Amino acid sequence: MNPNDKKLVMVGLVICVIIAILAPFIASSNPDGLEKSAEQVGTADESGIYESPFPDYIIPAFGENQFSGIVALIVGVLITLGLGYVIAEILKRRNPPEASE
C-alpha cells in the first residue's frame, strides 16, 4: 500500500470514529418506523433468531448511557473495518494483480 493510500485509510478511520463518538448525541430518542410498527402490532417483545452483541447500540456491562453507546459504535466500526480488510486481503491473494511487462 502506498503512502497516499495509507493516509486515505487513516483519514477514513478517523472520520468513522468521530461519527461514532457524535452519533449518540444526535440520534433520535424516538423509536424508528420499524420498531414503532413492531410495538403497535405487539411483536416488539418477541425474541429474534439471535441476540445482538450490542442490543440497542449499547454495551450492557456499561449500562444504558451515552458512553456505552460510543464504545459500542467504535467497537462496531473497528470490527466492520477489520472484517472488510481481512476479506480484501483474502481476495487480493486469490487474484494477484498481473505483472506488467
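Residue 50 in numbering that gives the first Met the number 0 sits at position 51 of the sequence shown; the count goes up by one each step and never skips. Glycine included, C-beta positions come from ideal geometry on N, C-alpha and C. Treat the numbers as computed from the prediction; the structure is a model and nothing was measured.
Item                                                                                        : Value
Own chain, CB closer than 6 Å to residue 76, minus 5 neighbours either side, in chain order : 15 and 19
Euclidean distance between Cα positions of residue 48 and residue 40                        : 19 Å
Reduced DSSP secondary structure (H/G/I, E/B, other) of residue 55                          : helix
Cβ shell of residue 80 (< 8 Å), same chain only, five flanking positions each side left out : 12 and 15
Where residue 71 falls, given that 16 or more other Cβ within 10 Å makes a residue buried   : buried
Helix, strand or coil at residue 20 [DSSP, three-state]                                     : helix
Distance, residue 26 Cα to residue 59 Cα                                                    : 19 Å
DSSP-derived helix/strand/coil call for residue 2                                           : helix
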